[in-house]
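Engineer: Numbering follows the working numbering, in which position 286 of the sequence shown is assigned residue number 292; successive positions increment by one, without gaps. The C-beta atom is built at its ideal place from N, Cα and C for all residues, glycine as well. Please find one structure pasted underneath; my questions will follow.
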Amino acid sequence: MSASAENAAVPAVPEWPEHGLDVDALAAGGWRPVPFHEFVLKIHGRCNLSCDYCYVYESADQSWRVRPGAMSEEVVRATVRRIAEHIEAHDLAEIDVTLHGGEPLLAGPRMIGLVARELRAVLPAGRRARVGVQTNGVLLTERMLDLLGDLGIGVAVSLDGDREAHDRHRRYADGRGSHRAVMRGLTLLAGSYRSLYRGLLCTVDLANDPIVAYEALLETAPPQVDLLLPHGTWTDPPPGLPAPQGATPYADWMIEVFDRWYRTAPRRTGIRLFEEIMNLVLGGGSRSERIGLSPVAIVVIDTDGTIQQVDTLKTVYAGAPETGLHVDRDPFDAALWHPGVVARQIGLSALCETCLRCPVRDVCGGGSYAHRYRPGTGHRNPSVYCRDLERIIRHVSGTMRSDLAAAIGRGA
């Protein structure tokens, strides 16, 4: 066992009584988890920005302070061996591997190259790993993009809209905004390196005009945009919540964007949340952990090699993502049976009574797991965004039904 496994000072692994889950009974009854298909590698644990809403550095879990600043070569090799083991054990044709952080590009060319090459070297024959990096974009130089291109690593960038919107939160530690540097990198990515461009992540801010933000996101013609709700729980709610009775500020914001996006022909980009809702309304499954009832199949490996649940759980309480497992000693199959992972794979059985009675239940799926948390009842609550989620789902569904009825009326 490596020194990182023996000596890492991380929060205690929490107990999980709030789930009310009997994992042994589930296993005895024949239930089996869905294997992990997405592996998030925290190759660097520090960042060159100081965003005020960052769930890694500004939330309840502060374990980044005691973890290594970057993954060691030893942890990288142990991680990719475990990934290959999982692929072979479950006969997976392809997986996704996301290089994450902190800011993953701070790991530097050598470490990024090591991860990509070691991973592909151990993959079983005929299996494929789609490798991507989620970055703040500040370090996207021609040299870095050449490296990522040579390694076949796709690039997604965080951008919150125009300069004013972006720089309100995404700043350097000295208070300077990062928009100019991010756009410099994005311009390169969207130009000569467009084949690497995977899309943008944008955190919704009610202070921003939704259409202005949307149009700013389209400037580099991203192939996809992911609109993210700010993280929050019932005890530490997101900005603007709780809203006055009946108010749905986040749905109002998103509906403005949806209506502009939906009525634009051809649509200039995909917007993941809207496409997921539309797919679910039509009876399909979800590919997102933030909506729907499809089993969540994501696992996180932190810089010290600890195996964790989705890292947005850092917003809930200290130690919330911990499983007590480590790549040196534990296979990923062990994490599949962790109660927190099981709760995000058993669909309706993990929802509270309020969610089970909801007419949009199967589309909403309770929303993001972290957003349901309340001390005492744990995650067996509606999302703190409950009213907003219901309204946006009803609006999308209603718009689709209206268009279908009109098309039928025209004999289309």
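(1) Suppose the cutoff is 7 angstroms on Cβ atoms and the five residues either side in sequence are ignored; what does the same chain contact list for R416 look like?
(2) Three or more beta-carbon pairs under 8 angstroms between the stretch 233–248 and the stretch 385–402, yes or no?
(3) With a 10 Å radius around its C-beta and 16 neighbouring C-beta atoms as the bar for buried, classify E94 as buried or exposed.
(4) To which residues of the same chain is Q351 closer than 7 angstroms at the C-beta, ignoring the five residues directly before and after it?
(5) Counting only the same chain and skipping the five closest in sequence on each side, list residues whose C-beta sits under 8 angstroms from that of E295.
(6) Got a sec? Which residues, its chain only, sit under 6 angstroms from L47 by beta carbon, not counting five neighbours each side?
(7) Using only CA atoms, which one of L153, V144, R378, G36 lies nearest to H237?
(8) Please return the same chain residues whose Cβ sits closer than 6 angstroms to the Cβ of L279, not counting the five positions on each side in sequence.
(9) Please report how far the alpha carbon of I261 lies from the alpha carbon of D215, in whole angstroms.
(10) Count the other C-beta atoms from every protein chain shown that fall within 10 angstroms of the C-beta of S65, then say buried if there are 16 or more, exposed otherwise.
(11) Report yes or no: do three or more beta-carbon pairs, one from the stretch 317–328 and one from the stretch 77–88, lie closer than 8 angstroms?
(12) Please name the residue, chosen from G325, C60, P345, that lies closest to A3 on a Cα-to-Cα basis.
(13) Should R88 be labelled buried (16 or more other beta-carbon atoms within 10 Å of its own) or exposed?
(14) I need the straight-line Cα distance from T193 to A324, nearest angstrom please.
(15) On the criterion of 16 or more Cβ atoms from any shown chain inside 10 Å, does A70 qualify as buried, or is it exposed?
(16) By DSSP's criteria, H106 is part of a beta bridge. Which residues make up the other side?
(17) Is the Cβ-Cβ distance between G205 and P229 less than 8 angstroms?
(18) Starting from the Cα of D258, find the closest Cα among V402, G298, L55, N54 and give me that residue.
(19) Which of the three DSSP states, helix, strand or coil, is assigned to T383?
(20) The alpha helix (DSSP H) that contains D408, what's its start and end?
(21) Tell me the rounded alpha-carbon separation between G291 and R200.
(22) Apart from the five residues on each side of it in sequence, which residues of its chain come closer than 8 angstroms, Cβ to Cβ, to A196?
(23) Can you have a look at R386 and say buried or exposed, based on whether 16 or more other CB atoms are within 10 angstroms of its CB?
(24) Just reading off the beta strand (DSSP E) that R134 is part of, what are its end residues?
(25) Going by other Cβ atoms of all chains shown within 10 Å of its Cβ, with 16 needed for buried, is D235 buried or exposed?
(26) The beta strand (DSSP E) with V163 in it runs from where to where?
(27) Report the residue from R397, R266, C208, W240 whose alpha carbon sits nearest the alpha carbon of G252.
Structural biologist: This is what the structure gives:
(1) Here residue 416 corresponds to residue number 410 of the sequence shown, with the count starting at 1. Excluding residues within five positions, none has a Cβ falling inside 7 angstroms.
(2) yes
(3) As a position in the sequence shown, residue 94 is number 88, starting the count at 1. Exposed: under 16 other Cβ atoms inside 10 Å.
(4) Translated into the one-based positions of the sequence shown, residue 351 becomes position 345. P39, V40, P301, V302.
(5) Here residue 295 refers to the residue found at position 289 when the sequence shown is read from its first residue. Correct list, in chain order: V302, I304, V316, R350, S374, Y375.
(6) Along the sequence shown, one-based indexing puts residue 47 at 41. So the qualifying residues of the chain are L105, I307.
(7) Reading the sequence shown from its first residue, position 231 is the one you call residue 237. Closest option to H237, Cα to Cα, is R378.
(8) One-based indexing of the sequence shown puts residue 279 at position 273. Within the same chain, L279 has close Cβ partners L233.
(9) In the sequence shown, the residue the question calls residue 261 occupies position 255. In the sequence shown, the residue the question calls residue 215 occupies position 209. Taking the straight line joining both Cα atoms gives about 12 angstroms.
(10) Here residue 65 is taken as the residue at index 59 of the sequence shown, counted from 1. By the 10 Å Cβ count, S65 comes out buried.
(11) no
(12) Since the first and last residues shown for the chain are 7 and 418, residue 3 lies out of range.
(13) What you label residue 88 is simply residue 82 of the sequence shown in a count that begins at 1. Per the 10 Å Cβ criterion, buried.
(14) Numbered from its first residue, the sequence shown carries residue 193 at position 187. Numbered from its first residue, the sequence shown carries residue 324 at position 318. In a straight line, the C-alpha of T193 is about 38 angstroms away from that of A324.
(15) Locating residue 70 in the sequence shown gives position 64, where the first residue counts as 1. Looking at the sequence shown, residue 70 is not Ala but Trp. When all chains shown are included, W70 counts as buried.
(16) As a working note, residue 106 is residue 100 in the sequence shown. H106 is bridged to K48.
(17) By 1-based counting over the sequence shown, the position of residue 205 is 199. By 1-based counting over the sequence shown, the position of residue 229 is 223. Yes; because the gap between Cβ atoms is below 8 angstroms, this pair is in contact.
(18) On the sequence shown, residue 258 is found 252 positions in, with the first residue counted as 1. Its Cα nearest to that of D258, the residue V402 stands out among V402, G298, L55, N54.
(19) Translated into the one-based positions of the sequence shown, residue 383 becomes position 377. Reduced to three states, the DSSP call for T383 is coil.
(20) In the sequence shown, residue 408 corresponds to position 402, counting from 1. The sequence shown places Ser at residue 408, rather than the Asp named in the question. Segment 392–415, the alpha helix (DSSP H) holding S408.
(21) Position 285 of the sequence shown, counting from 1, holds the residue named residue 291. Position 194 of the sequence shown, counting from 1, holds the residue named residue 200. So the two alpha carbons sit approximately 29 angstroms from each other.
(22) Taking the first residue of the sequence shown as 1, we reach residue 196 at position 190. Once the five neighbours on either side are set aside, the close Cβ partners of A196 are Y203, T226, A227, P228.
(23) Taking the first residue of the sequence shown as 1, we reach residue 386 at position 380. Buried, because 16 or more other Cβ atoms sit within 10 Å of the Cβ of R386.
(24) Residue mapping note: residue 134 aligns to position 128 of the sequence shown, counting from 1. R134 -> beta strand (DSSP E) spans 134–141.
(25) Start at 1 with the first residue of the sequence shown, and residue 235 comes out as number 229. The amino acid occupying residue 235 in the given sequence is Leu; Asp does not appear at that position. By the neighbour-count rule (16 or more Cβ atoms within 10 Å), L235 is buried.
(26) Your numbering for residue 163 matches position 157 in the sequence shown. Residues 159–164.
(27) As a working note, residue 252 is residue 246 in the sequence shown. Measuring C-alpha to C-alpha distances from G252 to each of R397, R266, C208, W240 identifies R397 as the nearest.
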